[in-house]
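Participant: Numbering (the working numbering), first residue to last: 352 to 911. For each residue, glycine too, the CB sits at the ideal point set by N, CA and C. Predicted model, so just to flag it, every value in this text is computed and none were measured. This structure is in structure tokens; I'll ask about it shortly.
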């Protein structure tokens, strides 16, 4: 059976019963794109009913976002769609940079083994949206409403009153919490009188999605000043279905109307591919870009995520990936607040952590754009000198910036972290995303991150000999508290003991887990529901573990 034509799908409008009293819903999400659907699925899996409103009745057209990062795939794994994305997508780890007619640098974004997912997959956005939509339809806690356009947002102390226009006329509903995932032009943002601030880059790029059979490998190729497109840059990516994404820099003075005409597009592509290459155009567009964000992502009971909150240039694939990470950060916090298990201050930390991540993305994206599109002769001379030196000198390669590719943010200064009191090495600091590694035993799932699929987890690294009973009893007591705390033991391959039946245990199959976490017997980690590190110790202290859990729930004073 062939693939569904997701670009041709149309979703029927369904009228719903109106009443004089607006229905109240725990969470209403505006926007059924990748960020809105990811947020909805994550909340629904945790038992939170969600209504999703979208003013359209179709998925996205054209490829749009195509590069989905390792961290995004890990999040989608937890939501049950990661494998489907990987099966359809084109996996890649390697990128190459060319200057004029020579390769000057080759890099591998995932040079070590022992990771479940590749650095990136390339997958057209309409496939990603289609798979997420099908997953959302399988969740009884999700109600999707197409052709529902939000026209009013009114704040109240304990809810937001939302006015919605439909083919049957307007209606209102009440949301305890409203999440705006409605894109860069965000109607919700405008209704609240809010703006995004930043920098608009004066350059234009042509996107051409080309269907062809080509001998190029599944790598990211970036040219500076190539012979086939002099004084500009070009980017090439493989996608599924023999579709290739080509980005041509045009310059600020290019006429976007003229640039997309076939008589102007086809010669550019033939210059790259060769006159004899057979291809057909699937999609053509001209874009400009900006790096900007809202001042804050929380406005009382309205929370912003994805492009509605922040935008970056496309270099580095930071847009959709950071939006999915917004969803991951927000969902568990909102569930606990709704359940009365955490104060609203926890939602302030969503804003604080994701504003930090947005600033990091904007910084990296702006630097990439300045390197790719120099605006002065001095800048161009510097860039070209770096590219010339990069062929032979490692120090220069660190300066080459064809797009610093998306990595998850480490929330080093988050108020949810418990600072280290013991000495550790490596990158698994409080605030970092938990690293993956192969494991055995446990629930039969072969990867570490599959063990961390929901809730808070206390991890105790054990040695070849059985852990002391008092440690196990301390973990058991913590697991009986109001907030569910899962306990997970990690045993080395040579463990000479069997875990108690009431405690989960996995085997660190290749010893990678202990190395990546700088763990010795007795080391304990507290890991958040979004798989970020909350705290770590060289020896388990039940009181400290309880305090760290309170800290990670914003039960201590938290201001934003």
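Within 10 Å of its beta-carbon, does residue 714 have 16 or more other beta-carbons around it, so buried, or fewer, so exposed?
Facilitator: Position 363 of the chain shown, counted from the start, is the residue given in the question as residue 714. Result: exposed.
Participant: Under 8 angstroms, with one C-beta from each stretch per pair, do the stretch 614–632 and the stretch 460–473 reach the 3-pair mark?
Facilitator: At 8 angstroms Cβ cutoff, the stretches do not touch.
Participant: Where residue 382 and residue 788 are concerned, what is the direct C-alpha to C-alpha distance, given to the nearest angstrom?
Facilitator: Looking up residue 382 in the chain shown gives position 31. Looking up residue 788 in the chain shown gives position 437. Roughly 35 angstroms between the two C-alpha positions.
Participant: Would you call residue 691 buried or exposed, if buried means 16 or more other Cβ atoms sit within 10 Å of its Cβ?
Facilitator: The count along the chain shown starts at 1 and reaches residue 691 at position 340. Answer is exposed; the Cβ neighbour count stays below 16.
Participant: List in chain order: all unbroken alpha helix (DSSP H) runs of 4+ residues lying wholly within the stretch 526–565.
Facilitator: Runs found: 538–542.
Participant: Which runs of the beta strand (DSSP E) fall wholly inside the stretch 426–503 and span at least 3 residues, in chain order?
Facilitator: Listed in chain order, the complete beta strand (DSSP E) runs (minimum 3 residues) inside the stretch 426–503 are 441–443, 445–450, 453–459, 471–473 and 493–497.
Participant: If we ignore side chains and look at the alpha-carbon of each, how far apart do residue 746 and residue 740 end up?
Facilitator: Numbered from its first residue, the chain shown carries residue 746 at position 395. Numbered from its first residue, the chain shown carries residue 740 at position 389. The alpha-carbon atoms of residue 746 and residue 740 are separated by roughly 9 angstroms.
Participant: For residue 910, which residues in the same chain have their Cβ closer than 6 angstroms to its Cβ, ignoring the five residues on either side in sequence?
Facilitator: The residue you call residue 910 lines up with position 559 of the chain shown. For residue 910, the predicted model reports a pLDDT of 40, less than 50, meaning its position is unreliable; a value from the coordinates is still stated below. The answer is none, since no qualifying residue turns up.
Participant: Where does the unbroken alpha helix (DSSP H) through residue 713 begin, and where does it stop?
Facilitator: Here residue 713 corresponds to residue number 362 of the chain shown, with the count starting at 1. Element bounds for residue 713: 696–723.
Participant: Report the three-state DSSP secondary structure of residue 677 (helix, strand or coil).
Facilitator: Start at 1 with the first residue of the chain shown, and residue 677 comes out as number 326. Helix.
Participant: Checking 8 angstroms against the spacing of the C-beta atoms, do residue 506 and residue 686 come in under that value?
Facilitator: Indexing the chain shown from 1 puts residue 506 at position 155. Indexing the chain shown from 1 puts residue 686 at position 335. Going by C-beta atoms, residue 506 is not nearer than 8 angstroms to residue 686.
Participant: Taking the alpha-carbon positions, what's the residue 357 to residue 477 distance?
Facilitator: Indexing the chain shown from 1 puts residue 357 at position 6. Indexing the chain shown from 1 puts residue 477 at position 126. Cα to Cα, residue 357 sits roughly 6 angstroms from residue 477.
Participant: For the structure I just gave you, are there three or more beta carbon pairs, one from the stretch 406–426 and one from the stretch 479–487, closer than 8 angstroms?
Facilitator: Result yes; three or more Cβ-Cβ pairs closer than 8 angstroms.
Participant: Is it right to say residue 370 is buried, meaning 16 or more other beta carbons lie within 10 angstroms of its own, or is it exposed?
Facilitator: Here residue 370 refers to the residue found at position 19 of the chain shown. Classification of residue 370: exposed, given that the 10 Å Cβ count is below 16.
Participant: Check for me: the alpha helix (DSSP H) holding residue 380 runs from which residue to which?
Facilitator: The count along the chain shown starts at 1 and reaches residue 380 at position 29. Segment 375–381 is the beta strand (DSSP E) holding residue 380; no alpha helix (DSSP H) there.
Participant: Beta-carbon separation of residue 377 and residue 527 under 8 angstroms?
Facilitator: By one-based count along the chain shown, residue 377 stands at place 26. By one-based count along the chain shown, residue 527 stands at place 176. Yes, Cβ-Cβ distance for residue 377 and residue 527 is below 8 angstroms.
Participant: Between residue 708 and the ligand GDP, is the CB less than 7 angstroms from at least one heavy atom?
Facilitator: For the structure depicted, the ligand GDP is absent and the ligand set is empty, with no information on it obtainable.
Participant: Report yes or no: do the stretch 700–715 and the stretch 622–630 share at least 3 C-beta pairs separated by less than 8 angstroms?
Facilitator: In short, these stretches do not touch, since the Cβ pair count stays below three.
Participant: Assign residue 429 to buried or exposed, taking buried as 16 or more other Cβ atoms, counted over all protein chains shown, within 10 Å of its Cβ.
Facilitator: What you label residue 429 is simply residue 78 of the chain shown in a count that begins at 1. Result: buried.
Participant: Can you tell me which of the three DSSP states residue 582 falls into?
Facilitator: If you number the chain shown from 1, residue 582 lands on position 231. Coil, per DSSP.
Participant: Which residues mark the beginning and the end of the alpha helix (DSSP H) in which residue 769 is found?
Facilitator: To locate residue 769, count along the chain shown from 1; it is residue 418. Careful: residue 769 lies outside any alpha helix (DSSP H) and carries neither H nor E.
Participant: Compute the distance between the beta-carbons of residue 877 and residue 697, then report whether it is under 8 angstroms.
Facilitator: In the chain shown, residue 877 corresponds to position 526, counting from 1. In the chain shown, residue 697 corresponds to position 346, counting from 1. No, Cβ-Cβ distance for residue 877 and residue 697 is not below 8 angstroms.
Participant: Are the stretch 879–895 and the stretch 668–684 touching by the rule of at least three beta carbon pairs closer than 8 angstroms?
Facilitator: Cβ pair count under 8 angstroms is three or more, so yes.
Participant: How long is the line joining the alpha carbons of residue 394 and residue 608, rounded to whole angstroms?
Facilitator: Counting from 1 along the chain shown, the entry for residue 394 is found at position 43. Counting from 1 along the chain shown, the entry for residue 608 is found at position 257. About 42 angstroms.
Participant: Contact between the stretch 661–678 and the stretch 538–552: three or more CB pairs below 8 angstroms?
Facilitator: Result yes; three or more Cβ-Cβ pairs closer than 8 angstroms.
Participant: By Cβ distance, which residues of its chain are closer than 7 angstroms to residue 391, with the 5 residues on each side in sequence left out?
Facilitator: Counted from its first residue, the chain shown places residue 391 at position 40. Hits under 7 angstroms: 380, 401, 403, 487 and 493.
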